[in-house]
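Enquirer: Numbering (the working numbering), first residue to last: 1 to 369.
1) Identify every residue that forms a DSSP beta bridge with residue 60.
2) As a quick exercise: from 103, 202 and 288, pick the residue whose alpha carbon is nearest that of residue 96.
3) Within the chosen definition, does the stretch 234-249 reach the stretch 129-145 through at least 3 CB pairs nearer than 8 angstroms?
4) With distances taken from CA atoms, which of 25, 44 and 297 is nearest residue 259?
5) Can you tell me which residues form a DSSP beta bridge with residue 50?
6) If you draw a straight line from the C-alpha of residue 149 to the C-alpha of residue 287, how long is it?
7) Under the DSSP definition of a beta bridge, which residues are partnered with residue 5?
8) May I have the straight-line CA-CA distance separating residue 5 from residue 284, to the nearest angstrom?
9) Go ahead and pull the three-state DSSP assignment for residue 205.
10) So is residue 61 buried or exposed if we call it buried at 16+ other beta carbons inside 10 Å?
11) Considering only the alpha carbon of each residue, which of 154, 213 and 223 lies closest to residue 124?
12) Alpha carbon to alpha carbon, how far is residue 113 from residue 38? Give it in angstroms, no decimals.
13) Comparing C-alpha positions only, which one of 195, 90, 98 and 295 sits nearest to residue 49?
14) For residue 36, count the other beta carbons within 10 Å of its own beta carbon; 16 or more makes it buried, fewer makes it exposed. Which is it?
15) Round the Cβ separation of residue 18 and residue 12 to the nearest angstrom and send it over; I've been treating them as touching at under 8 angstroms.
16) Label residue 369 either buried or exposed according to how many other C-beta atoms from any shown protein chain fall within 10 Å of its C-beta, with 16 as the threshold for buried.
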């Protein structure tokens, strides 16, 4: 009789025994375990094994950190790993095995990881999920210490909150394993339990394939955008703060070269915002306005400096001209012309001074707004 093909995809948080579970299913050590709190398995590996009437394909997916699912880069890495897995496994995935370590509280953080995976892979992800709870020996030790029944599924049903919700969502497809089990009979029994569950899902649901993955592309990209935008905003706000500080410093030791450098940075930042905005659906308009206002602020301050200088020069010229024309009044020959010149120049200087003062006041109001 031909072997039935069963393809499973392993996922879980780093250090919970995901790769070790894959090795247990294969019956040999193929996948490297990652126990570091600072590293994640982002490459996809796979291997095959024959198990009675089954040809088993095990795909070792990315190891997830406690907080990695909050980062857009990690979601993109997981999406890429799924694309790679589906490329390796053209028949699709029959079951997702999500590995949890017994003794580690299943908190809202763990639930958020599963919610994010559901968003990445669609509703069909949970339909095809089997939860593998590792460190089975610790479970039995805990039950004995607390004088509780040793039945794993009874214990699962007695849990509350997110763990119980997950148990019900998976319709009880929870398997307790001891990855360090030495008894070959017990190890074989666990392998068969997992493979039979995966085979049952294969018969119940169509394989999760490239088409299923593509159907969730919009939601996946939307989720990544929602994560990327705050990061971009934080980065751009930091740049704006630095630019603002440089502008303040510029007016202490100003030079045309410094001004050109600042404006060049403003232009580059605006170009970056435009590029990112096209990629992420115009979520950065507010920041664009902020950067534009920084450039305008620099121009306004420069104009304030120029107006101040013009006012000073105008007043000096006015005082000098008034002094000259006033002296001319002492000479009878030019007294009439000097009087006319005095009145005319005073009016001209006063008008210019008034315009400059009004412009200065308006710019000051803009600056203080």
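We put the CB at the ideal spot given by N, CA and C, even for glycine.
Expert: With the structure as the only source:
1) 10 and 45
2) 202
3) no
4) 297
5) 55
6) 59 angstroms
7) 55
8) 48 angstroms
9) coil
10) buried
11) 213
12) The pLDDT assigned to residue 38 is 44, lower than 50, so where the model puts this residue is not dependable, and the model offers no usable value.
13) 195
14) At residue 36 the pLDDT is 46, less than 50, meaning the model places this residue with poor confidence; the figure from the coordinates comes in the next sentence. Classification of residue 36: exposed, given that the 10 Å Cβ count is below 16.
15) 4 angstroms
16) With a pLDDT of only 49 at residue 369, under the threshold of 50, the placement of this residue in the model should not be trusted, and no figure is reported.
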